[in-house]
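Working notes, beginning with the structure itself.
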Amino acid sequence: MSEAILVALITGGLSLLGVYLSNRRSAALLEYRLRELEKKQDKHNRVIERTYALEERSRVLEEKMKVADHRIDDLERRDA
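Each residue of the sequence shown is one higher than the one before, counting from 672 in my numbering.
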């Protein structure tokens, strides 16, 4: 085997190994970033769910206040 072919094979093999290792590292970083993004998304979703619950509770309390106001008005009119 000629020396040039041997050098080419070694160089090609080392290049292939470098590309493989680089791709593994990039994939691991991408996986890490994706997990972190999923954690942030979960936090966001919990905030949205809590906001909807608070809005519903606020709506119910407002309705109760309206009913109480009407009852007070009715009592004041009856006593007047």
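No residue lacks a Cβ here, since even glycine has one placed at the ideal position from N, Cα and C. As the structure is a computational prediction, the values presented were derived from the model and not from experiment.
Where the alpha helix (DSSP H) through S729 begins and ends: S729 -> alpha helix (DSSP H) spans 674–750.
Cut-off 7 Å between Cβ atoms - residues of its own chain near R748, not counting five sequence neighbours on either side: none
Inter-residue spacing [alpha-carbon to alpha-carbon] between D713 and D745: Their backbone Cα atoms lie some 48 Å apart in a straight line.
L701 versus L687 - alpha carbon distance: 21 Å
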